[in-house]
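**Student:**
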Amino acid sequence: MKKKLIILLLLLIFPLKAFALIEVDITRGNLSPLPLAVSPLSIDEQSRIEFKKIIKKENIGSEISVIVENNLKTSGLFNPLNKDAFLQAPEIANLKPRFEDWSLIKAQALITGKVTFINEKLRVEFRLWDVLAAKEIMALAFTTVPNNWRRVGHIISDKVYERLTGEKGYFDTRIIYVAEEGPKTQRKKRLAIMDQDGANNKFLTLGNELVLTPRFNPTSQMVTYLSYFKNLPRVYLLDIETGTQEVVGDFPGMTFAPRFSPDGKKIIMSFAKDGKSDIYTMDLENRIVDRITNHPSIDTSPSYSPNGKFIAFNSDRSGYQQIYIMKSDGSEVKRISFGNGIYGTPVWSPRGDLIAFTKLHKGKFYIGVMRTDGKGERLLTENYYQEAPSWSPNGRVLIFYRETKTNSDGEGFSAKLWSIDLTGYNERLVTTPTDASDPSWSSLLSN
Amino acid sequence: MNRSIIISSVFHLLLIFITAMSLPFLAKKPLDIPPIISVELIQITEKTNIPFAPKAKKIIEKIKEKEKKLVSEQAPPKKVEKTKTKTVVSVDDNERDDNKTPEAVPLPEKTVKKIETKKEKKQNPDKLDEEVKQVSEFEKKEFVDLDNIAKLIDKAKIESADVIKKNNDITQDQDRNIDNTGLTLSEEDALKAQIFGCWSIPLGLPYNENLLVRIKLMLEPDGSVTKTEILDHARMNKPGQGFYKVLAESALRAVKLCQPLRVPTTGYERWKELQLNFDAREMLEG
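Chains as they are written, first to last, in the working numbering: chain A, 18 to 464; chain B, 13 to 298.
(1) Please compile the residues from chain B whose C-beta is within a distance smaller than 9 Å of the C-beta of L94 of chain A.
(2) Taking Cβ positions only, does S354 of chain A come closer than 8 Å to chain B?
(3) Alpha carbon to alpha carbon, how far is Y253 of chain A from F159 of chain A?
(4) In chain A, which residues lie less than 8 Å from M230 of chain B when you measure between Cβ atoms?
(5) I believe V55 of chain A touches P97 of chain A by the beta-carbon criterion, under 8 Å. Please report the beta-carbon distance rounded to the nearest angstrom.
(6) Report the rounded CA-to-CA distance for A37 of chain A versus L286 of chain B, giving the unit in angstroms.
(7) Determine the contact status of F95 of chain A and L51 of chain A, defining contact as a CB-CB distance below 8 Å.
(8) What are the complete alpha helix (DSSP H) segments, minimum 4 residues, inside the segment 236–273 of chain B?
(9) Look at the Cβ atom of G169 of chain A, then the Cβ atom of S64 of chain A, and state whether they are nearer than 8 Å.
(10) In or out: I192 of chain A buried (at least 16 other Cβ within 10 Å) or exposed?
(11) For a quick check, are the C-beta atoms of G183 of chain A and V258 of chain B less than 8 Å apart?
(12) Could you say which of A:S59, A:Q105, A:L396, A:I154 lies nearest to V83 of chain A if we only look at CA atoms?
(13) Count the other C-beta atoms from every protein chain shown that fall within 10 angstroms of the C-beta of A205 of chain B, then say buried if there are 16 or more, exposed otherwise.
(14) Please return the same chain residues whose Cβ sits closer than 7 Å to the Cβ of D138 of chain B, not counting the five positions on each side in sequence.
(15) Please list, in chain order, the chain B residues whose beta carbon lies closer than 8 Å to that of S49 of chain A.
(16) Answer with buried or exposed for N357 of chain A, where buried requires no fewer than 16 other C-beta atoms within 10 angstroms of its C-beta.
(17) Counting Cβ pairs closer than 8 Å, one from the segment 434–449 of chain A and one from the segment 14–25 of chain B, do we hit at least three?
(18) Can you tell me where the alpha helix (DSSP H) holding N99 of chain A begins and where it ends?
(19) For a minimum of 4 consecutive residues, which ranges assigned as the alpha helix (DSSP H) are wholly contained in the segment 141–212 of chain A?
(20) Please report the Cβ distance between A453 of chain A and A216 of chain A, rounded to the nearest whole angstrom; I am assuming they are in contact, meaning their Cβ atoms lie under 8 Å.
(21) Excluding sequence positions up to five away, which residues of its chain have a Cβ less than 7 Å from the Cβ of D189 of chain A?
(22) What's the C-alpha gap between N331 of chain A and P406 of chain A?
(23) Counting only the same chain and skipping the five closest in sequence on each side, list residues whose C-beta sits under 7 Å from that of N289 of chain B.
(24) Buried or exposed: where does G270 of chain A fall if 16 or more other Cβ atoms within 10 Å of its Cβ makes it buried?
(25) Name the DSSP beta bridge partners of K381 of chain A, please?
(26) CA-CA distance, G279 of chain B and N443 of chain A?
(27) Using alpha carbons as the reference points, say which of A:F430, A:L415, A:K283, A:I135 lies closest to T421 of chain A.
(28) Below 6 Å CB to CB, which residues in the same chain sit around E399 of chain A once its five sequence neighbours on both sides are set aside?
(29) Which bits of chain B does E86 of chain A rub up against, with CB to CB less than 7 Å?
(30) In three-state DSSP terms, what is D316 of chain A?
(31) When the Cα atoms are used, what is the spatial distance from Q105 of chain A to S262 of chain B?
(32) DSSP three-state label for D291 of chain B, please.
(33) Would you list the residues sitting across from K293 of chain A in a DSSP beta bridge?
(34) Under three-state DSSP, which class holds D118 of chain A?
(35) Sorted by chain position, which residues of the same chain lie with C-beta nearer than 6 Å to S120 of chain A's C-beta, five sequence neighbours on each side aside?
(36) Jot down the residue ranges of each uninterrupted beta strand (DSSP E) in the segment 240–287 of chain A, minimum 3 residues, whole runs only, in chain order.
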C-alpha cells in the first residue's frame with residue numbers, strides 16, 4: 018500500500034508527457050489504373066499437345082491469360098504490365114511468386130495459374146496475389162469442356178475484377194445487337210449475338226424481315242425484339258437455345274420498344290394507335306395485358322427499375338420529349354428531366370442508382386446518366402448521332418451505337434457499337450464483323 | 013523732503029509700470045480656441061443637454077469659419093463634402109433611433125434619400141432663420157460626426173480586441189498542436205503528398221457510401237513501417253462490406269508502396285504512432 022502511494026506520488030510529481038495519436042487525412046490518390054501482372058498460365062507439354070488437337074491453339078495457357086489481360090485492360094481500371102518485363106517463369110510463379118521480382122516491375126497484383134487436360138476436360142486453376150502484401154488473396158479452379166476455354170478466361174477476369182474492385186465483373190456476358198449490311202436505303206438487318214469482347218459472333222435471324230431493339234431477359238436465355246408481322250411492327254419473343262420465336266400478344270396496332278421486367282415474367286412495351294401511344298405490360302405466363310399509362314401524348318421506351326417497383330419512360334406530354342418515372346402500376350407519374358433539349362431512351366441501371374438516357378440538344382446527340390430523381394445529370398459522350406444505351410450487368414459501363422455522317426455522295430455511312438464507362442473517359446469501339454446497332458447487354462452468364 | 017518723496021513716487025510708478033507691462037495676461041493675445049475645444053464642448057452639451065448659449069454661438073461661429081478655412085486649405089473634393097453632409101444629415105435624422113440602438117450600422121441609401129427631402133424642407137427660409145439654421149446644422153453636424161466617430165472608435169476597439177483575443181486563441185491552439193498532437197503543416201503536407209502518389213484508388217467503388225479506412229501505423233525513426241493495423245478490422249470480413257475491404261487493401265498497399273514514409277527528422281516520440289484516414293469519396297465523386 019505504502020509502495021503504491023509512493024509510486025502515485027512520484028507519478029504526480031513527475032508526470033509523463035502523453036502524446037495524442039497524430040491523424041493524417043488522405044483524401045486524394047492516384048486515379049491511374051492499377052498496375053498488375055497477368056502471368057501466362059503454365060501448362061505441361063502433354064496437355065498442351067492435347068488441347069492443340071482440340072481447339073487448334075498452340076498454347077491454351079497463354080491464350081487464356083491474353084483474354085484475362087484484354088478484359089482487365091478494357092475495363093479501364095487495370096493496367097496489365099508488359100509480359101516481356103516478367104522475371105519469373107509461369108511454372109514457378111504459380112507455385113510461389115518471388116514478390117520482389119514482381120514489385121520491381123511495379124506490379125501491385127499478380128495473376129498466375131495452371132492448365133491441365135484431365136479426362137478429356139479442361140481444368141484451370143488460378144491464383145491472385147497481392148504483391149505488396151506478399152500473400153495470396155484468391156485461388157479458384159474450374160473444370161469444363163475444352164471448347165469453353167474462352168469463357169474460363171472471362172470468368173477468371175470477373176473474379177479478379179470483383180476481388181480488386183469490390184463490385185461484380187461484366188466479362189462473362191454476351192451482347193445481342195442488330196447486324197446491319199448494305200446501303201443505307203436498303204439495309205439488311207439481322208439479329209446477332211456475341212461475347213462482350215466481340216468473339217463467337219453468331220447471326221440469329223436470316224435478315225428477311227427488319228429487326229429492331231433486341232433485349233435480353235434476366236436469365237439471358239430469351240430475347241424480345243421488334244420485327245414486322247403482316248407489315249406491322251410487332252414485339253417478338255425468341256428463345257436463344259431452341260431458336261423458337263413468337264409474336265407477343267395480338268394487338269390491333271403497332272407494338273414496339275419492348276423490355277423484360279426484372280423478374281423476367283412480364284414484357285413492358287409501347288402500343289401505338291390513332292397517333293398516340295401508351296405503355297402496356299403483358300404477363301408471359303397467362304398473357305394478360307395491363308395498360309400502365311393512359312394519356313393523349315406519346316409515352317414510350319419503358320424501363321423497369323431493378324426492384325420492379327418503378328418504371329422510367331419518355332413522354333412528350335409536356336410539349337417536348339422528356340423522361341418520367343412512375344410506379345409500376347402507372348400511378349404517381351413524375352417528370353425527372355428538366356435540362357435543355359430532348360431526352361429519350363431511359364434505361365434504369367442494374368444498380369438502381371442511375372438512369373442512362375439519350376439527349377438531343379442543338380443538333381448533337383449525347384449519352385448521359387442522371388440520378389433517379391433527375392439530379393446529377395452527367396453527359397458522358399457527344400456525337401453526330403448515337404443512341405440506345407444499355408447497361409453492363411454491374412452498372413459501370415454503357416454500350417450504345419453510333420452512326421457516322423454520310424457524305425455528299427451518300428457514302429461513308431457506318432453504324433458501330435461503342436462502350437463507355439461512368440467516368441466518361443474510357444470510351445472504346447466494340448468490334449463487330451458488320452455494322453451494328455441497338456445493342457443489349459446480357460446479365461452475367463456464370464451467376 | 014518733497015524731492016525725495018517725488019523721486020520715491022517716480023521710482024514706484026516706474027516699478028508699477030514695468031510690473032504692469034511685464035504681466036503675462038496683458039502681453040498675451042486673446043485665446044485662440046483650437047478645434048479640439050469644440051469637441052469637448054459638444055461632448056459636454058450632448059451629455060448635459062445644456063441649452064445653446066448666445067456667447068457660445070459666437071464662439072462656435074468663429075470655429076466654424078476657421079474650420080471652413082482649414083477645409084479649404086486641405087481642399088478635399090467637393091463631392092466628398094457633399095456626401096459628408098448627406099451622411100451627417102441622414103445619421104442625424106436617425107439619431108433618435110441611434111439613441112435606442114447605439115450600435116447602429118451605416119445607413120442604406122434609401123434612408124439617405126428620404127432624409128434629403130427633409131433637409132430641403134428645413135432649408136425653407138419662410139420657416140427658419142438663416143443663422144439659426146446654419147448653427148443648428150453645424151451643431152448637428154458636429155454632434156453626429158463626433159458621435160459616430162466615437163462609436164466607430166469604440167467598435168473598432170472592441171473588434172480589434174476580439175481579433176487579438178481570437179489570434180491569441182489560435183496561437184495557443186497551434187502551439188498545443190505542435191506540442192502534443194500534430195505535425196507541422198509542412199511535415200503533414202510532405203507525408204500526404206507522398207501517400208497521394210502511392211495510393212491507387214479503386215475506381216469501381218461507389219462514391220455515395222461512407223467508406224473511411226483508418227489505419228494505425230507503428231513507425232521506425234527512419235519512416236519504415238513496423239506494424240499496420242486497420243482500426244475497423246471487423247468490418248473487413250463482414251458480408252456486404254466488399255467495397256470496404258477493397259479500399260482497406262488498397263490503403264495498405266499504398267502504405268507499403270510508400271515505405272519509408274517521409275517523416276520529420278525530429279520528435280520521434282511524437283509520431284512513432286500515426287493514424288492515416290483514407291477517404292476516397294472526394295476523388296470518386298469528382
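Positions of the beta carbon are idealized from the N, C-alpha and C atoms, including for glycine.
Bear in mind that the values here come from a model prediction, so they are computed numbers and not experimental data.
**Tutor:** For this structure:
(1) P214, L215, G216
(2) Answer no: the Cβ-Cβ gap between S354 of chain A and chain B never drops below 8 Å.
(3) Counting only the Cα atoms, F159 of chain A lies some 37 Å from Y253 of chain A.
(4) The contacting residues do not exist; M230 of chain B stays about 11 Å from chain A at best.
(5) Contact holds; Cβ gap of about 5 Å.
(6) 10 Å
(7) Judged by beta-carbon spacing, L51 of chain A lies within the 8 Å limit of F95 of chain A, meaning their Cβ atoms are closer than that value.
(8) Whole alpha helix (DSSP H) segments, 4+ residues: 245–248, 254–270.
(9) In the sequence as displayed, the identity of residue 169 of chain A is Val instead of Gly. Not closer than 8 Å, so no.
(10) buried
(11) yes
(12) A:S59
(13) Burial call: exposed.
(14) Reliability fails at D138 of chain B, whose pLDDT of 47 lies under 50, so the model's placement of it is uncertain and the value that follows must be treated cautiously. Hits under 7 Å: none found.
(15) S212
(16) exposed
(17) The segment 434–449 of chain A makes no contact with the segment 14–25 of chain B: fewer than 3 CB pairs, one atom from each, lie closer than 8 Å.
(18) Neither: N99 of chain A is in no alpha helix (DSSP H) and is coded neither H nor E.
(19) With a minimum length of 4 residues, the unbroken runs of alpha helix (DSSP H) contained wholly in the segment 141–212 of chain A fall at 166–182.
(20) The pair is not a contact, with the Cβ atoms about 15 Å apart (cut-off 8 Å).
(21) R168, H171, I172, D175, L461, L462, S463
(22) Distance from the CA atom of N331 of chain A to the CA atom of P406 of chain A, rounded to whole angstroms, is 14 Å.
(23) Here the set comprises L224, R226.
(24) Burial call: exposed.
(25) Looking at the DSSP output, K381 of chain A shares a beta bridge with A:H378.
(26) 46 Å
(27) A:F430
(28) K381, Y383
(29) Neighbours of E86 of chain A on chain B: none; closest Cβ ~18 Å, over 7 Å.
(30) In the three-state reduction of the DSSP assignment, D316 of chain A falls in the strand class, which pools E and B.
(31) 24 Å
(32) strand
(33) Beta bridge pairing from DSSP links K293 of chain A with A:K290.
(34) In the structure shown, D118 of chain A falls within a helical segment according to DSSP collapsed to helix, strand and coil.
(35) V148
(36) 249–256, 262–264, 271–277
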